[in-house]
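Read in numbering that gives the first Met the number 0, the sequence shown has 93 at position 94, and its numbers run on one by one without any break.
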Amino acid sequence: MKKPEIIIALDVPNRVLLHQALGKLPRECAWIKIGLELFCAEGPAILDAVGDVPRKIFLDLKLHDIPRTVERAVEAIRNYPVSLLTLHASGGEAMLKAAVSAAAGSNLHLLAVTVLTSLDATDLHRQSIANTPGQQVENLAALALACGVHGVVASPREADAIRRQCGDDFLIVTPGIRPAQADVQDQKRVATPRDAVLAGASHLVIGRPILEAPDPGAAYLAIQQEIDAAVADRR
C-alpha cells in the first residue's frame, strides 16, 4: 500500500470563501475536496479556480440516479480536471457498472459511498435496513469491488474489514477524521488519523480541524506526522 494521503475538505458555499480557504493551505497539500454545495453554487468552472498550486481534485457529488443518467454524468465529468468522483453504492449494480464503463480510459477514479458517517444503526433501522452500519458497509464495498469501482468512501471504523475483504489496491477514503480532543460535529462514526491509517485507509478527508485551526499549516503538518508514525507502526 502507498502512504495514506490527506484530502482537505473545502466545504464552503462560494468562490470567495474557497479562495480564502486555499490561501490557508500549505504547498505540501496535494489533494482538495470540492463538495456538492460549492459545485452547485459556482458550477463546473469552480474546478478551474483552485489556485496556482497544482492539486488533485476529489469531486464529492455522490451521484445516485438511474444507470443511463449517471453514465452520462460521468462522461461529462471525465472531461474535467477531476481525479476522484463519488457515487452511491446503493444505486445498485447496473448504475455502478454504467459509471465504470463511462470512466474507462480516463484518469477519473470512482468511489462508491457506502454508509454516510452521519448515520448510525438507528438511522438504518428507520430505513428498514436490518444490517448494522458495519455490515452494510461491507456488503456495499463488496458490490462496488465486483462492479469494478476503484474504491469506497467509508468510516474509519469499517476500513479494516474493507481492506481485508477488498485487497491492498482498493481505495478506502475515510471522512470523519478528527484529531484527539477535536469536536466531532455532525459525524457519528469518527476516528483519529492514526486509527484510520492503522485500519487501512488510503486517503483521509479532513476539513475543519485544519482550516479552523489557529495555524492551518501547522495543523496539517502535525496530522501528516501522525500519519507517518502510524505507517511506521503498521509495517
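We treat Cβ as the ideally placed atom computed from N, Cα and C, and that holds for glycine. Nothing here was measured: the structure is a model prediction, and the numbers come from that model.
Is it true that the CB of residue j sits closer than 9 Å to the CB of residue i?
| i | j | result |
| --- | --- | --- |
| lysine 23 | proline 174 | no |
| cysteine 28 | isoleucine 7 | yes |
| arginine 177 | isoleucine 226 | no |
| arginine 162 | glycine 133 | no |
| alanine 111 | valine 151 | yes |
| leucine 84 | phenylalanine 57 | yes |
| alanine 195 | proline 3 | yes |
| leucine 210 | alanine 75 | no |
| cysteine 146 | valine 99 | yes |
| isoleucine 65 | valine 49 | no |
| arginine 67 | alanine 44 | no |
| tryptophan 30 | arginine 14 | no |
Along the chain, where does the alpha helix (DSSP H) containing residue i start, and where does it finish?
| i | result |
| --- | --- |
| isoleucine 222 | 215-233 |
| threonine 116 | Unbroken run through threonine 116: none, as it is neither H nor E. |
| proline 155 | 155-165 |
In this structure, does DSSP put residue i in helix, strand or coil?
| i | result |
| --- | --- |
| glycine 133 | helix |
| valine 183 | For valine 183, the predicted model reports a pLDDT of 49, less than 50, meaning its position is unreliable; a value from the coordinates is still stated below. The answer is coil: DSSP assigns valine 183 none of H, G, I, E or B. |
| glycine 206 | coil |
| threonine 68 | helix |
| lysine 61 | strand |
| aspartate 194 | helix |
| leucine 110 | strand |
| lysine 55 | strand |
| alanine 8 | strand |
| isoleucine 176 | strand |
| arginine 14 | helix |
| glycine 147 | coil |
| alanine 48 | coil |
Need the endpoints of the beta strand (DSSP E) that residue i sits in, please.
| i | result |
| --- | --- |
| lysine 2 | From DSSP, lysine 2 is part of no beta strand (DSSP E); its letter is neither H nor E. |
| histidine 87 | 83-87 |
| valine 151 | 150-152 |
| alanine 173 | In the sequence as displayed, the identity of residue 173 is threonine instead of alanine. Note, threonine 173: beta strand (DSSP E), 170-173. |
| lysine 32 | 30-34 |
Since I believe residue j is in contact with residue i (beta carbons under 8 Å), could you give me their beta-carbon distance rounded to a whole number of angstroms?
| i | j | result |
| --- | --- | --- |
| valine 73 | alanine 101 | 4 Å |
| histidine 303 | leucine 109 | No information on residue 303 is available, as it lies outside the stretch 0 to 234 that the chain covers here. |
| alanine 88 | alanine 143 | 5 Å |
| valine 172 | histidine 202 | 4 Å |
| aspartate 59 | leucine 35 | 7 Å |
Closer than 8 Å to a non-hydrogen atom of the ligand MN - does that hold for the CB of residue i?
| i | result |
| --- | --- |
| valine 99 | No copy of the ligand MN appears in this structure; indeed no ligand is present at all. |
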